[in-house]
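Step one of this worksheet: look at the structure below.
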Amino acid sequence: MTIPKAYRKPYILAVALAVLALGTAIVLVAEPVRDLLASRVNPEPYDIERMVLLYATLPRLSMAFLAGAALAASGAILQQVLRNPLASPTTLGIDAGARLAIAVTTLFIPSLIGFGRDIVALTGSALSTLLVFFLVRRRGFSALAIVLAGLVIGLYCGAASALLVLLKDRILASLFIWGSGSLSQQSWDPFLSLLGRLALAVIPVLLIIRPLSLLDLDDDSVRALGLPVKKLRVAAVAIAAALSAFVTSAVGVIGFIGLVAPVIARLSGARRFGERLWWSTVMGGCLLLLTDATLQILAGVTAEFVPTGAVTAVIGSPLLLLLLPRLKVAARPSATATPQTAQAFSVSTVVIVGTLGFLLLVGLAVLAGRGPYGEWQISSLAQLDYVITWRLPRIVAAASAGALLGTAGLILQRVTGNEMASPEVLGVSAGAILAVTLALFVFGALDVFWRDVAGMAGGIGVLGLLVTLGSRSSISPEKVLLGGVALSALIDAVVGVLSATGDPRAFLLLGWMSGTTGGTTVAGALAAGLAAAVLISVSVLPSRWLAILPLGDSPARAVGLSLGRSRFLLLFLAAVLTAAATPIIGPLTFVGLMAPHIVQAAGIRRPLACVFGSAIAGAGVMTVADWVARTAAYPVQLPTGLVAAMVGAPFLMILLNRRVATA
Amino acid sequence: MTLDDVSVSIGETAILKPLSLSVSSRGVTGLVGQNGSGKSTLLKLLARQQMPSRGTITFDGKPLHAWRDREFARAVAFLPQHTPLATGLTVRELVSLGRYPWHGALGRFSDADRQKVDEAMSLTSTAGVSERFVDTLSGGERQRAWLAMLIAQDARLLLLDEPLSALDVAHQLSVMALVRRLTLERDLAALIVLHDINLAARYCDEIIALKNGALVARGAPGDFMTPARLEEIYDVEMDVFRHPEMGVPVAYVRS
């Protein structure tokens, strides 16, 4: 079979990127350099321009290339070892751990920050990585388990530090900038120290290239070739984690490069792992350099305040979207290796037990609370009337949103066969965020109604985009996922820039994004409940497709399933479910990610049972989250969406930890 | 099933040279040939898994693309060469999926459906493992589970791509006997890709041989099993003798 010409030359894209990046950098430094050379003739004793060039601009550009390259290498290794094109340092919770460590230390032991912020960040990353390993130790360090544990820990740390920021915004405002990755430099020292640390990792990376290339085969074949898969996986994840932790500790969280560079390298034709690693490193470096130099030229002096990490997606996403049509859909070796030994629960068992448990939760959430002076109390029947009026609407709204998102997540994970798929990834939430952001900045303050309208409109806009893309050809799930990721990252970048500028509206936005159920009216609760009831009933209809599609394309077609149409309808359904939930709870709950995994970890597998189970699990998590949000920091109301991650994640961690590998 | 001047090529390489052929609508037909001779491609074309580069295929006088998805699946069942692991499904659930073309996404899973599933499992002797997970079965059990799904599909034409590859001798014989019995009792047709020419000779009504993407021979086993023809197909010197008890032709490699 011949390989199309375009697929053979990753260096064309790499050279183009390099030329662009260097060109932009040269434009940036051309004038100061000319002045510098001219001043050689009659040097001035104190030349600010010269000092800025030598001790700020040049180190910053070097830092950009180095950080981009290291993150891309880390992402390439992770995508290979975890066999998932969505894996990246961010999804493994490495930078979320660093961020939480810095937030906690700033609040409670500020003297440690003075001692060395990078040490604190490194410790945080190391702890979160170790926790991932700890959680998966009993499941044979399987790729699927690592991905799940990384996601859960990342979510947990992310939600925890976001909560801290919301509660202590004055103290932690600087975390915003660090958290979005600022490349500003005042000397060469950070660059040199990062270079030194990364140099330590070069030899392990080189040593691991050949064993990692074997992972293109499935686990059994790799083992048959005499490679200890478990040890390799642990070593590779540890090396990748070290690479990105070094970068994070030096410059803060720079997301997306670690995901996009390896994907771009693959799409531009790097086939074998060695090639992919090399070209993603080069492309990642060039991409971040290009982003940073462009940012400095455009933003001028204010460049100091716009963190580069927040805008990497501005160049990376369009490039990814541009290359996406070239994606060859290859059946990736399945990440699931553990045979299911769990009992097969019937649909009725799941529904009955789940509903009973859920009602019990609702009852507790309604009755238990805190009185006017903050004391804990269980409401008596006499107070029921008043308690129901105030507490029930928000519980209903939260539970409905949880049920909607849980169902959406289940459908997405089944259709794409990717355990990392979630409503957030589909881009619907991102569309909602963008619309609300625009509305907020164009019209100033928004009341709840118009905010929800804007959110819905944004979600539906992305939905429309999906429809047009989807109706053209039979959809490949991997394309939809990567496209959604690119779109989300792009929109996140816009929001990140706005937040980092310190605009007070950014805090409004952050508040909405973290999902508040406090102001829910009775009408709002009824609407949410109705939407959930109707849409989840509809989701039951295609449950047979959810059983057939995971079998693979060929058997699905053989039993007469139209792949294009069924996939498209299911994706559309998931998007509608998400769009309905977003106005209620905000876009960042991750219930949609967690609920299907909770259901699976509980041993429920049948599609129909999974649909109901995920809906109930989502509703349950959100009910608890809403209760915690209402009572934990009373009288302050915490954002329910953020609390959901903090409630759901530990639950999932326990389930992960419990299950013993049978392989 | 009739092929009219059908060919498949990828780029410059012809996988299947222009081929006109009609496949019998009853009895067992064996498809033999070297590796890479185009057997699997031909089967995928007939199963509508792949579109021909040119030419048309008709089934029941109707071109393949004019069939609706489920209507076609009710008439033609296909077992791919590599069956997926089917993680997290029990054997019964897998076999039940074969009824999808009949009840569709929303239709009721009726008693008739359940009966077909039970029947298919007992025919393939998979009833004993019906509550086990497919991914915990042995290779042979798994292959029979997939075969059961195909039988539950209740189609008129079975397309099987190397259904015997994971089976021991006893199960190979029992699967071939089962296919033969089904074709007789239910008036079905089966087209089977086989590597064992002797099994083909024993159980098939007709054998079709491909080489380098072209048809080289077809005929009843008695006419087909000649040393010259076998050497032409496999490029190996072969000879044929009569089975001492059954009288069917048996081929062996000469040196």
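Chains A and B supply the protein sequences, listed in that same order. Those letters in the first sequence? Residues 1 to 663, per the working numbering, in order. Those letters in the second sequence? Residues 1001 to 1255, per the working numbering, in order. Ideal Cβ positions, reconstructed from N, Cα and C, are used throughout, including at glycine. On a predicted model such as this, the values are computed, not experimentally measured, just so you know.
The Cβ neighbour count for residue 292/A, taken over all protein chains shown within 10 Å, is at least 16; the residue is labelled buried.
Contact residues of the segment 547 to 562 of chain A toward chain B are 547, 548, 550, 551, 552, 554, 555, 557, 558, 559, 560, 561, 562 (C-beta to C-beta distance below 8 angstroms).
Under a criterion of Cβ atoms nearer than 7 angstroms, the residues of chain A adjacent to residue 1097/B are, in order, 547, 548, 559.
Contact of residue 544/A with chain B by beta-carbon distance below 7 angstroms involves 1100, 1105. Under the three-state reduction of DSSP, residue 1219/B is assigned to strand. Below the 7 angstroms Cβ cutoff, chain B contributes 1105, 1106 as neighbours of residue 541/A, in chain order. Taking residue 391/A as the centre and dropping the five residues before and after it, the same chain places the C-beta of 365, 366, 369, 630 closer than 8 angstroms to its C-beta, in chain order.
Proximity of residue 605/A to chain B, defined by a Cβ-Cβ separation below 9 angstroms, is satisfied. Around the C-beta of residue 1245/B, fewer than 16 other C-beta atoms lie within 10 Å, and the residue is accordingly described as exposed. Under the three-state reduction of DSSP output, residue 1159/B falls in the strand class. Contact with chain A is absent for residue 1059/B, since none of that chain's Cβ atoms lies less than 9 angstroms from the residue's Cβ.
Residue 1035/B sits exposed, since fewer than 16 C-beta atoms from the chains shown fall within 10 Å of its C-beta. Each of 140/A, 591/A, 311/A was checked against the Cα of residue 183/A, and the nearest Cα belongs to 311/A.
About 17 angstroms separates the Cβ atoms of residue 585/A and residue 495/A, ruling out a contact at the 8 angstroms cut-off.
With contacts defined by Cβ atoms closer than 9 angstroms, residue 562/A and residue 542/A do not form a contacting pair. Residues 76, 262, 265, 266, 270 of the same chain have their beta carbon placed closer than 7 angstroms to that of residue 276/A, with the five preceding and five following residues left out of the count. At the C-beta level, residue 1207/B and residue 1220/B come within 9 angstroms of one another.
In this structure, 1038/B is the residue among 1023/B, 1004/B, 1038/B with its C-alpha nearest to the C-alpha of residue 1010/B.
A Cβ-Cβ separation of about 13 angstroms leaves residue 593/A out of contact with residue 149/A under the 8 angstroms criterion.
Non-local beta-carbon contacts of residue 643/A in its own chain, meaning distances under 7 angstroms to residues more than five positions away in sequence, involve 625, 628, 629 in chain order. Under the three-state reduction of DSSP, residue 1238/B is assigned to strand. Taking a C-beta cut-off of 9 angstroms against chain A, the contacting residues of the segment 1059 to 1073 of chain B are 1068, 1069, 1070, 1071, 1072, 1073, listed in chain order. Here residue 376/A is exposed. Its C-beta has fewer than 16 other C-beta atoms within 10 Å.
Here the segment 604 to 622 of chain A does not lie against the segment 424 to 431 of chain A, with fewer than 3 beta-carbon pairs under 8 angstroms apart. Identification of residues in the segment 1027 to 1055 of chain B having a C-beta nearer than 8 angstroms to some C-beta of chain A yields 1047, 1048, 1049, given in sequence order. With fewer than 16 other CB atoms across the displayed protein chains lying within 10 angstroms of its CB, residue 1013/B is exposed.
In the structure shown, residue 156/A falls within a helical segment according to DSSP collapsed to helix, strand and coil. A straight line joining the alpha-carbon of residue 355/A with that of residue 648/A spans about 18 angstroms. Here DSSP, grouped into helix, strand and coil, assigns residue 374/A to coil. Less than 9 angstroms divides the Cβ of residue 1099/B from the Cβ of residue 1117/B.
At a cut-off of 9 angstroms between beta-carbon atoms, residue 1128/B makes no contact with chain A. Non-local beta-carbon contacts of residue 1089/B in its own chain, meaning distances under 6 angstroms to residues more than five positions away in sequence, involve 1134 in chain order. Look at the beta carbons and you see the segment 104 to 119 of chain A not touching the segment 75 to 94 of chain A: under three pairs across the two are nearer than 8 angstroms. The straight-line gap separating the alpha-carbon atoms of residue 421/A and residue 571/A is approximately 12 angstroms. Chain A has no Cβ within less than 9 angstroms of the Cβ of residue 1139/B. The residue among 1123/B, 1145/B, 1170/B with its C-alpha nearest the C-alpha of residue 1091/B is 1145/B.
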